Amino acid sequence: MKFGVLTFGYNSLYFDAFRKKREQDGYYDVNLGDNAQSIAVRNLYKQSGISDDQIVEVDREALCEYTGPKTIVIMNGVFYSDTFPISDSIIPIFIGFHTTKDVIREQRDFFLRHQPIGCRDDGTTAAMQEFGIEAFTTGCLTLTLPPRESKPQSPKLLVVYGSGAGYLPPAVFHHTPEHLLANAQFIYHRLPAMRFPFDAQLREEAERYERALMARYRQEATLVLTPLHHVATPCLAFGIPVIICRVRNDVRFSMVDKLLPIHTPASFSEIDWNPPAVNIDSIRDELIRLVKARLMTVSQGK
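Residues 1 to 302 (UniProt numbering) are what the sequence shown spells out, left to right.
Set out below in structure tokens:
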């Protein structure tokens, strides 16, 4: 039995815009949030006593084509219709799972066989339940990442932003205290690439780059400002104060919304610029317990 970690090749119709941008501009860039989730899964495997030689990497976009040994895969992340039906060699564990209502409708029988489904957000949970599938909301497994051991001595605001849905409204800076902006550093949470789709080398580089960014957050940030789910949740886990600012809220943030405010332009004037770190120890402990229990059950064939 092997244990799978998802990597991301983007060789799918859902990412055809990447191919077109590369043809037009010579490059494109990808969101690193997927890789944050894979880093969390690797950490959970380590905590569960699973050694590196038991781990295999599985491209999310090729789950239906996988022909390797029987492999348990934690389905933490976003999944599209062409992911399914997944290979018979894959044994899925659904924790932190997100997908669309159309996928749930198309794959209802599959999800019924693997219920209960642990979903990343309330929207996916509600959609599952609408189709008679037992489901519950777990949040994202990046919340299981360990807290940092020490805090930086020098104040530093890290502004971590993306594009598209991860666009940071610049109006927020009209409300940002000058003393925070004086030492702020800006990080674009996407990786430029000139080859499409991602080959094994690019998939490895993307995860390594995301790991390096996480190290920066732990070592440098006394406050993080971001519109991004998979910057906010790792930083919450690290014990870093976080402010989320977005163009609009959406259901993908329904778990995070229970932990701290999701600010949109109408509430930028109400932002607390000296927020405390949120204690998520109980959430972390429960997620780790759930993952270990599911790994044990599935690996024993129950």
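C-beta atoms are modelled at their ideal positions from N, C-alpha and C, and glycine is treated no differently. Keep in mind that this is a model prediction, so the values were computed, not measured.
Is residue i helix, strand or coil by DSSP?
i, result
"residue 192", "strand"
"residue 130", "helix"
"residue 6", "strand"
"residue 114", "helix"
"residue 217", "helix"
"residue 28", "strand"
"residue 92", "strand"
"residue 138", "coil"
"residue 143", "helix"
"residue 149", "coil"
"residue 71", "strand"
"residue 226", "strand"
"residue 59", "strand"
"residue 84", "coil"
"residue 290", "helix"
"residue 198", "coil"
Out of the options, point me to the one whose CA is closest to residue i's CA.
i, options, result
"residue 145", "296, 299, 287 and 1", "287"
"residue 98", "27, 196, 120 and 105", "120"
"residue 35", "10, 221 and 117", "10"
"residue 7", "285, 132, 156 and 204", "204"
"residue 51", "25, 27 and 5", "5"
"residue 102", "130, 118, 88 and 95", "130"
"residue 149", "217, 16, 282 and 261", "217"
"residue 259", "80, 248 and 275", "275"
"residue 290", "19, 140 and 212", "140"
"residue 195", "16, 26 and 17", "26"
"residue 267", "23, 175, 45 and 282", "175"
"residue 222", "159, 88 and 280", "159"
"residue 187", "212, 104, 300 and 199", "212"
If you check the beta carbons only, do residue i and residue j fall under 8 angstroms apart?
i, j, result
"residue 122", "residue 251", "yes"
"residue 78", "residue 66", "no"
"residue 311", "residue 189", "Examination of residue 311 is not possible in this model, given that the chain is present from 1 through 302 alone."
"residue 142", "residue 227", "no"
"residue 31", "residue 166", "yes"
"residue 92", "residue 2", "no"
"residue 21", "residue 14", "no"
"residue 232", "residue 256", "yes"
"residue 90", "residue 71", "yes"
"residue 229", "residue 37", "no"
"residue 133", "residue 112", "yes"
"residue 207", "residue 74", "no"
Would you tell me roughly how many angstroms separate the C-alpha atoms of residue i and residue j, rounded to the nearest one?
i, j, result
"residue 214", "residue 151", "14 angstroms"
"residue 135", "residue 41", "21 angstroms"
"residue 265", "residue 137", "28 angstroms"
"residue 56", "residue 85", "20 angstroms"
"residue 115", "residue 293", "15 angstroms"
"residue 225", "residue 127", "31 angstroms"
"residue 12", "residue 182", "42 angstroms"
"residue 220", "residue 180", "14 angstroms"
"residue 201", "residue 254", "34 angstroms"
"residue 106", "residue 155", "50 angstroms"
"residue 349", "residue 153", "The question about residue 349 has no answer here: the residues shown for the chain are numbered 1 through 302."
"residue 147", "residue 240", "9 angstroms"
"residue 19", "residue 191", "15 angstroms"
"residue 100", "residue 80", "8 angstroms"
"residue 169", "residue 249", "13 angstroms"
"residue 16", "residue 24", "12 angstroms"
Looking only at its own chain, which residues have a Cβ that is under 8 angstroms from the Cβ of residue i, when we skip the five neighbours before and after it?
i, result
"residue 263", "172, 243, 244, 245, 246, 270 and 271"
"residue 82", "12, 13, 14, 61 and 64"
"residue 298", "72, 91 and 93"
"residue 48", "291, 292 and 295"
Suppose the cutoff is 7 angstroms on Cβ atoms and the five residues either side in sequence are ignored; what does the same chain contact list for residue i look like?
i, result
"residue 284", "143, 144 and 237"
"residue 296", "none"
"residue 125", "119, 135, 136 and 137"
If I measure Cβ to Cβ from residue i and keep anything under 6 angstroms in the same chain, skipping five residues before and after, which residues do I get?
i, result
"residue 261", "none"
"residue 210", "32, 35 and 36"
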